[in-house]
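Asker: As numbered in full-length UniProt numbering, residues 1 to 211 make up the sequence shown, in order.
Heads up, the beta-carbon is just placed ideally off N, CA and C, and yes, glycines get one too.
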Amino acid sequence: MGGKLIVFEGVEGCGKTSQIQLCCQWLESLGISVVVTREPGGTELGLDLRRLLLEKSEDKPVGEVTELLLYAADRSQHVEQELKPNLAVGKYVLCDRYTDSTIAYQGYGRGLNMDLINQLNYIATGGLESDLTIWLDVDVEVGLSRKSKDVTLQSLDRIEQETIAFHRRVQQGYASLAASHPSRIVRVDGSLSKQAVQQVIQEILRSHLLV
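1) Return the CA-CA distance between Cys14 and Leu54, expressed in angstroms with no decimal places.
2) Should Glu203 go down as buried or exposed, given a rule of 16 or more other Cβ atoms within 10 Å for buried?
3) Does Leu30 pass the burial test, meaning 16 or more other C-beta atoms within 10 Å, or should it be called exposed?
4) Comparing alpha-carbon positions, which option in Gln25, Leu112, Glu28, Thr37 lies nearest Glu9?
5) Excluding five sequence neighbours on each side, which residues of the same chain lie with their C-beta closer than 8 Å to the C-beta of Leu136?
6) Here's the rule: buried if 16 or more other CB atoms are within 10 angstroms of the residue's CB, otherwise exposed. What is Ser130?
7) Between the C-alpha atoms of Gln25 and Leu94, what's the straight-line distance to the nearest angstrom?
8) At which residues does the beta strand (DSSP E) containing Cys95 begin and terminate?
9) So which of Asp115, Ser183, Gly107, Gly173 has the shortest CA-CA distance to Leu132?
10) Can you name the residues that DSSP bridges to Phe166?
11) Taking Cβ positions, are Val79 and Leu128 nearer each other than 8 Å?
12) For Lys60, name the three-state secondary structure that DSSP assigns.
13) What's the call for Ile103, buried or exposed, on a 16-neighbour Cβ count within 10 Å?
14) Would you check if there are 3 or more beta carbon pairs closer than 8 Å linking the segment 165-179 to the segment 41-56?
15) At what residues does the alpha helix (DSSP H) containing Val89 begin and finish?
16) Could you check how far apart the C-beta atoms of Tyr98 and Ser33 are, in whole angstroms? I think they sit under 8 Å.
17) Can you give me the Cβ contacts of Leu116 inside the same chain, cut-off strictly under 8 Å, excluding the 5 residues immediately before and after it?
18) Take Val65 as the anchor and find which of Leu120, Ser193, Leu209 has the nearest alpha-carbon.
19) Expressed to the nearest angstrom, what Euclidean distance is found between the alpha-carbon atoms of Asn118 and Leu112?
20) So is Pro61 buried or exposed if we call it buried at 16+ other beta carbons inside 10 Å?
21) Quick check on this structure: which residue in Tyr108, Gln21, Ala72, Leu87 has the alpha carbon closest to the alpha carbon of Glu39?
22) Checking 8 Å against the spacing of the C-beta atoms, do Gly109 and Glu12 come in under that value?
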């Protein structure tokens with residue numbers, strides 16, 4: 001069985017981390033070799049970039065284009081160091097965020113030029129797309145409420161502390177992406193219980209990849 005890139009996407013607090021962990025356990029129980037990774041921060045260099053991207057700094061804010069370029073740099077390193085090598089040896093790679101995040105957050109959220117974003121995504125990935133993207137769809141208010149219960153306001157990262165209007169634009173970005181790429185992006189109702197969401201994801205993987 002060849003390697004597969006399975007990406008989990010969604011707004012803040014949609015439950016990606018929990019579902020990736022459960023999905024990893026399930027796939028491993030089927031005898032499938034699994035790698036779990038994330039963007040930003042899936043490599044040693046990426047961890048430094050993640051800190052630069054997500055730490056809150058009032059006096060030295062990160063510029064919007066700078067933010068876009070840092071995400072692209074993280075992705076380029078990640079693709080070459082982690083994604084391509086693991087896929088080449090037949091592993092299932094479960095990735096927390098990928099190219100769709102950049103379109104949703106920097107494109108729809110920030111309003112940056114989509115042609116530029118698409119070009120940078122292609123340069124960073126060399127054209128590597130996900131075999132399947134699971135979009136965990138929850139209302140922005142629900143997701144942010146989940147986040148605020150888990151951490152204090154001061155612990156929320158720079159992106160999580162953005163305005164509600166920003167997060168709503170991001171959500172609209174995901175909806176538009178899913179409508180444009182129905183064969184690659186599958187919507188899952190993230191408001192269901194953790195167990196119910198995982199059951200839906202397993203059924204999707206069975207029908208899309210485990211055949």
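Answerer: To lay it out plainly:
1) The count along the sequence shown starts at 1 and reaches residue 14 at position 14. The count along the sequence shown starts at 1 and reaches residue 54 at position 54. C-alpha separation (whole angstroms): 18 Å.
2) Here the question's residue 203 lines up with position 203 in the sequence shown. With fewer than 16 other Cβ atoms within 10 Å, it is exposed.
3) Here the question's residue 30 lines up with position 30 in the sequence shown. Under this definition Leu30 is an exposed residue.
4) In the sequence shown, residue 9 corresponds to position 9, counting from 1. Checking every option, the nearest Cα to that of Glu9 belongs to Thr37.
5) Residue numbering aside, residue 136 sits at position 136 when the sequence shown is read from its first letter. Only Phe8, Glu9, Gly10, Cys14, Gly15, Lys16, Gln19, Val188, Gly190, Val197 meet the Cβ criterion.
6) The count along the sequence shown starts at 1 and reaches residue 130 at position 130. Buried: at least 16 other Cβ atoms inside 10 Å.
7) Counted from its first residue, the sequence shown places residue 25 at position 25. Counted from its first residue, the sequence shown places residue 94 at position 94. Gln25 and Leu94: Cα-Cα distance of roughly 11 Å.
8) Taking the first residue of the sequence shown as 1, we reach residue 95 at position 95. Note, Cys95: beta strand (DSSP E), 92-96.
9) Stepping through the sequence shown from its first residue, residue 132 is reached at position 132. Ranking Asp115, Ser183, Gly107, Gly173 by Cα distance to Leu132 puts Ser183 first.
10) Translated into positions along the sequence shown, residue 166 becomes position 166. None, per the DSSP bridge assignment.
11) Within the sequence shown, numbered from 1, the residue matching residue 79 stands at position 79. Within the sequence shown, numbered from 1, the residue matching residue 128 stands at position 128. Yes, Cβ-Cβ distance for Val79 and Leu128 is below 8 Å.
12) Numbered from 1 along the sequence shown, position 60 holds the residue referred to as residue 60. Coil, per DSSP.
13) Counting from 1 along the sequence shown, the entry for residue 103 is found at position 103. Ile103 is buried by the Cβ-count criterion.
14) no
15) Counting from one through the sequence shown, the residue named residue 89 turns up at place 89. Counting along the chain, Val89 falls outside any alpha helix (DSSP H), and DSSP gives it neither H nor E.
16) To locate residue 98, count along the sequence shown from 1; it is residue 98. To locate residue 33, count along the sequence shown from 1; it is residue 33. In fact, because the Cβ distance is near 20 Å, the residues do not count as touching under 8 Å.
17) What you label residue 116 is simply residue 116 of the sequence shown in a count that begins at 1. Once the five neighbours on either side are set aside, the close Cβ partners of Leu116 are Leu68.
18) Translated into positions along the sequence shown, residue 65 becomes position 65. It is Leu120 whose Cα lies nearest to the Cα of Val65.
19) Sequence index remark: in the sequence shown, residue 118 carries index 118 (1-based). Sequence index remark: in the sequence shown, residue 112 carries index 112 (1-based). For Asn118 and Leu112, the distance between alpha carbons rounds to 11 Å.
20) Position 61 of the sequence shown, counting from 1, holds the residue named residue 61. Exposed is the call here.
21) Here residue 39 refers to the residue found at position 39 when the sequence shown is read from its first residue. Cα-wise, what sits closest to Glu39 is Ala72.
22) For the purposes of this step, residue 109 is taken as residue 109 along the sequence shown, with counting starting at 1. For the purposes of this step, residue 12 is taken as residue 12 along the sequence shown, with counting starting at 1. The answer is no: Cβ separation not under 8 Å.
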